[in-house]
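A.B. asks: Residues 132 to 175, numbered by the numbering used here, are exactly what the sequence shown covers, in order.
Here it is, the structure in full.
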Amino acid sequence: MKLLTSSAGPLWKRLRTIYYWSLPCVHNRSMRVIYALLNLGNGC
132 MKLLTSSAGP LWKRLRTIYY WSLPCVHNRS MRVIYALLNL GNGC
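Have a look at this one:
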């Protein structure tokens, strides 16, 4: 897991930032899809 995280590095950081940034209700439809995928169906 550590190896995966370190190799993914900046990308993982960016994805995590986007994820936390989109934690409040997301109104953009594409972001909502990404949010749903990341959150495995846990809606707002």
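Every residue gets a Cβ at the ideal spot worked out from N, C-alpha and C, and that includes glycine.
With the cut-off set at 8 angstroms, would you say Leu-169 and Tyr-150 are in Cβ contact?
C.D. replies: In this structure, Tyr-150 lies closer than 8 angstroms to Leu-169 by Cβ.
A.B. asks: Leu-171 by DSSP, collapsed to three states: which one?
C.D. replies: In this structure, Leu-171 counts as coil in the three-state DSSP scheme.
A.B. asks: What separation, rounded to the nearest whole angstrom, lies between the Cα atoms of Ser-161 and Pro-141?
C.D. replies: Straight-line Cα distance between these residues: approximately 22 angstroms.
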